[in-house]
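Those sequence lines, one after another, are chains A and B.
Mapping the first sequence onto my numbering, position 150 (from 1) lands on 150, and the numbers just tick up by one.
Mapping the second sequence onto my numbering, position 308 (from 1) lands on 308, and the numbers just tick up by one.
Ideal Cβ positions, reconstructed from N, Cα and C, are used throughout, including at glycine.
First up is the structure itself, then whatever we jot down about it.
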Amino acid sequence: MVKAIDGIDLTVYKHELLGLVGESGCGKSVTALSIAGLLPENAQVQSGEILLDGDDLLGRSKQELRIARLTDIALVFQDPMTYLNPVISVGNQLTDAFNENLKVYRNELIEYRLSQIEAELKRNVGDRAKLQKEREKLTSLKENPSLKLGKGEGKRLSRLRAIEYLKLVQLPEPEQIMKSYPFELSGGMRQRAMIAMALIRRPKVLLADEITTALDVTVQAQILKLVQELRDKIDSAIIIITHDLGVVAQVCDRVAVMYAGNIVELATVDEMFSHPMHPYTKGLFAAIPKLHGDSKEHLESIPGSVPDLIYPPSGCRFHPRCPMAFNRCRDVKPAPVEISPGHLVWCLLYGHQ
Amino acid sequence: MKNVKHTAMEGRGALMQSNGSPGKPSPPRTLVETRNLYKWFPIKGGLLGRTVGNVRAVDGVTLSVIRGETFGLVGESGSGKTTVARVIMKLTPATKGQVFFDGVDITREKGQSLRHHRRKMQMVFQDPYASLDPRQSVGSALTETMRINRVVETRREANRVAARLIEIVGLNPDHLARYPHEFSGGQRQRIAVARALAVNPEFVLLDEPTSSLDVSVQAQILNLLKQLQSELELTYMFISHNLSVIKHMSDRVAVMYLGRIVEVASTERLFAHPKHPYTLALLSAIPDPDPSTRDANRAVIQGDVPSPINIPPGCRFRGRCPYATQKCADEFPPYVEVEPSHWIECHYDLDLDPGELERGKTDLVPPP
């Protein structure tokens, strides 16, 4: 049995960008998939809780989880081409969730359109009389839950909403994009479409798993900028999963460093980059070639490689590679020590463990 | 001639200490050179399978790698870096243009004389999972290369050299009997390096050698490559999309965009004073692992790399370039030396300002 993640405590707040960083196989993606309830068949959560707004997701039934995934949790993955359906237009993929679940989304769609109408009236664009008539109709629909939202009307509302979200992710000519198929878009545009698809349901949590890894640097810069700009415009907590410390430094507020299925250090980005405490974090920072300043002849490296998680090392999982390891590291699993407010490190070097 | 270097390898203990090169009588200063190199891949279409277009992967590349240096080649995916590498290594024929190795045109070389040159140039590929035969033990992979290239006389000698090679790259001789699946990514890349060194090359082409590795392991491999270079007096061409790795490894750097080199300079110059707008865009696009640079003026250029099938006339960067003028659309930019040994392919010698690159960005429409 591969023990992919082993005892992770993590909290993420609304409007926060939390980074989850680590090397391949450290359990970053498994953490994300567990939160989303998307673990593969052969994987199971052995113990623990995943709380969303205080409710345990793991206790929910399959149907309840499906609704949670629809409304509360959204994921964006590394390779948009794998997750977009090649034979369905972007527009249909964006509105699918609404059209298939009109009952769930009835009120939300109506309310969203009403706010759109308000905004348009305020900005004085479009046909005033027509907009007011539409507002009247929608308000009565909203106030009478017994009235059914027709399929055609639902489609129209979700389409208008989709266009708004394509604008939000800064895709040019959204009407055109709605009609196009994934292969007609470039990599960066696909990833923007994926982000729009995730955000359109106004999730409470957005999980972004290596979203820029497959992109070129110039396009990556565009997407990172978008994510930063979005953070205040949407009401979600955002978890960014990446192996790139540069992405973390530029985008995130707080960061958790993972190693072999454990979190080894958690702090704000500024604190983590200025005062890394865990030997692994220190090693990781020293191993990156520097872009600015003089380059050194020799890079610090961490000896060995990431352990096999079928037989993870005992005690602290980093001890076989740790330059500071002492005897107890082999036997004792470190508990978190708070170095300064909000800066936690899981290492026996600190505190009195 | 054949065994000169392996004899040198016997005294590796001594070599470990010596850092400087004894300065051998060096004929041409340039070891590898390409002149106006083109590689187009035809696109077949229609009923008769006629060529309907070309993917212009490499579209007129002239570069020279000086003996003993590390020449970095950087660019985004699809810029043609790897195709340049494959054409230099003669893994695929050039469409047009020439490749020189040690002053000899090897573009049309075949048979014996090609083998003679190929022995001196080796390549390390990006993916050590794909570049090693899963059914061949490491020892056999190393000795086979040596015997095919006739750098050793006997099997016993081959085994001896293989054991030495595996130690040089930081593994131990027990590993020779094992198969690639028994190794981690970093160890496999060490094996790939050992295999490249097995034939005593002068020139090693490293194509994204650390891209599939984790940072902590990447650092080990980069250190190994640097150490081997000084010990064995190797000349490297280092291809990567990762600018910080390129900066760490290279003496000179060439930046590729859509099949052409748009800027070449010494590493210090290129990183401190980029002259081509694309280079600046590339440099400022990298997420810097230092949160204090967060609010710095970062240039984000718009758009994507155009398709190498329909390359726009004139300057191929102009669609994304904030400085572009009518001249850029009408005329192909000249290749000019703006400072000694600093070349750019641009109509203008600009004082670049990262803020300017932001021009022309789309307006953000907030949701209601």
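Opposite residue i in the DSSP bridges: which residues?
| i | result |
| --- | --- |
| M324 (chain A) | DSSP, once it has assigned bridges, lists no residue as partnering M324 (chain A). |
| V99 (chain B) | B:T34 |
| S266 (chain B) | B:R252 |
| F271 (chain B) | Per DSSP, none; premise fails for F271 (chain B). |
| N107 (chain A) | Beta-bridge pairing links N107 (chain A) to no other residue. |
| R260 (chain B) | B:Y257 |
| I310 (chain A) | Paired residues: none, contrary to the question. |
| I239 (chain A) | A:L18 and A:L207 |
| M363 (chain A) | Outside the displayed range of chain A (1 to 353) lies residue 363 (chain A), so it cannot be described from this structure. |
| M237 (chain B) | B:F71 and B:L205 |
| A129 (chain A) | A129 (chain A) is not bridged to any residue. |
| F41 (chain B) | B:V55 |
| E265 (chain A) | A:V257 and A:V345 |
| L75 (chain A) | A:L207 |
Let me check understanding here. Comparing Cα to Cα, which of the options lies closest to residue i?
| i | options | result |
| --- | --- | --- |
| V58 (chain B) | B:R190, B:L283, B:G259 and B:E331 | B:G259 |
| E339 (chain B) | B:E331, B:D330 and B:D349 | B:D349 |
| G186 (chain B) | B:S212, B:H347 and B:M249 | B:S212 |
| N54 (chain B) | B:K90, B:P274, B:P42 and B:Q122 | B:P42 |
| K275 (chain B) | B:L234, B:H342 and B:E33 | B:H342 |
| V99 (chain B) | B:Y257, B:V32 and B:M249 | B:V32 |
| G25 (chain A) | A:I263, A:Q176 and A:H278 | A:I263 |
| K327 (chain B) | B:V336, B:C346 and B:R320 | B:C346 |
| V169 (chain A) | A:F183, A:K155, A:R190 and A:L57 | A:R190 |
| Y335 (chain B) | B:R155, B:W40, B:I261 and B:E76 | B:I261 |
| I73 (chain A) | A:L199, A:A4 and A:R317 | A:L199 |
| E76 (chain B) | B:Q220, B:I246 and B:L224 | B:I246 |
| Y38 (chain B) | B:R50, B:A94, B:P134 and B:P322 | B:A94 |
| L171 (chain A) | A:L157, A:S140, A:R201 and A:L226 | A:L226 |
| L352 (chain B) | B:P277, B:I286 and B:D290 | B:P277 |
| Q46 (chain A) | A:M1, A:K14 and A:G154 | A:M1 |
| L299 (chain A) | B:Q112, B:C315, B:R50 and B:Q218 | B:Q218 |
| D253 (chain A) | A:L58, A:I310, A:L17 and A:K179 | A:L17 |
| E338 (chain A) | A:D216, A:Q176 and A:M272 | A:M272 |
| A254 (chain B) | B:F101, B:Y129 and B:I344 | B:I344 |
| S29 (chain A) | A:H243, A:Y13, A:R106 and A:P336 | A:H243 |
Alpha helix (DSSP H) containing residue i: first to last residue?
| i | result |
| --- | --- |
| V161 (chain B) | R155 to I168 |
| V370 (chain B) | The requested residue 370 (chain B) does not occur in the structure, where chain B is confined to residues 1 to 368. |
| Y181 (chain A) | Run containing Y181 (chain A): none; DSSP gives neither H nor E here. |
| A249 (chain A) | L245 to V251 |
| G139 (chain B) | V138 to I148 |
| R190 (chain B) | G185 to L197 |
| E153 (chain A) | K151 to L168 |
| V219 (chain A) | V217 to L230 |
| T328 (chain B) | Looking at the sequence provided, one finds Cys at residue 328 (chain B) rather than Thr. Segment Q326 to D330, the alpha helix (DSSP H) holding C328 (chain B). |
| A285 (chain B) | P277 to A285 |
| S216 (chain B) | V215 to L232 |
| K333 (chain A) | Neither: K333 (chain A) is in no alpha helix (DSSP H) and is coded neither H nor E. |
Identify the continuous beta strand (DSSP E) that holds residue i and give its terminal residues.
| i | result |
| --- | --- |
| D209 (chain A) | V205 to D209 |
| L206 (chain B) | F203 to D207 |
| L63 (chain B) | R50 to I66 |
| R254 (chain A) | R254 to Y259 |
| I339 (chain A) | V337 to S340 |
| I344 (chain B) | H342 to E345 |
Against chain C, with Cβ distances strictly below 8 Å, would residue i count as a contact?
| i | result |
| --- | --- |
| H175 (chain B) | As a matter of chain content, chain C is missing from the structure shown, whose protein chains are A and B. |
Let me know the alpha helix (DSSP H) ranges lying completely inside the region 17-72 of chain A, each 4 residues or longer, listed in chain order. Within the region 17-72 of chain A, the complete alpha helix (DSSP H) segments at least 4 residues long are 28-36 and 62-71, listed from N- to C-terminus.
Three or more C-beta pairs under 8 Å: does that hold for the region 63-73 of chain A against the region 163-183 of chain A? no
Measuring CB atoms only, is the region 217-227 of chain A touching the region 75-89 of chain A, in the sense that at least three cross pairs come out at less than 8 Å? no
Can at least three beta-carbon pairs, one atom from the region 301-317 of chain B and one from the region 217-235 of chain B, be found at a separation below 8 Å? no
My parser needs the alpha helix (DSSP H) runs of 4 or more residues fully inside the region 76-128 of chain B; what are they? 81-88 and 111-118
Within 8 Å, do at least three Cβ pairs link the region 32-42 of chain A to the region 207-220 of chain A? In short, these stretches touch, since the Cβ pair count reaches three.
Is the region 100-117 of chain B close to the region 152-169 of chain B, with three or more CB pairs under 8 Å? Between the region 100-117 of chain B and the region 152-169 of chain B, the count of Cβ pairs shorter than 8 Å is below three; the stretches do not touch.
Taking contact to mean 3 or more Cβ pairs, one atom from each stretch, closer than 8 Å, check whether the region 345-352 of chain A and the region 259-275 of chain A are in contact. A contact exists between the region 345-352 of chain A and the region 259-275 of chain A.
Cβ contact check for the region 145-154 of chain A and the region 100-115 of chain A: 3 or more pairs under 8 Å: yes
Say whether the region 316-326 of chain B touches the region 277-285 of chain A, bearing in mind that this needs 3 or more beta-carbon pairs closer than 8 Å, one atom from each stretch. The region 316-326 of chain B, when compared against the region 277-285 of chain A, does not touch it at the 8 Å Cβ threshold.
Check whether the region 100-109 of chain B and the region 265-284 of chain B touch, using three or more Cβ-Cβ pairs below 8 Å as the test. Result no; under three Cβ-Cβ pairs closer than 8 Å.
Pairing CB atoms from the region 190-201 of chain B with CB atoms from the region 147-158 of chain B, are three or more of them under 8 Å? yes
Does the structure place the region 282-290 of chain A close enough to the region 240-256 of chain B that three or more beta carbon pairs sit under 8 Å? yes
Touching or not, the region 161-180 of chain B and the region 124-142 of chain B, by the rule of three or more beta carbon pairs under 8 Å? yes
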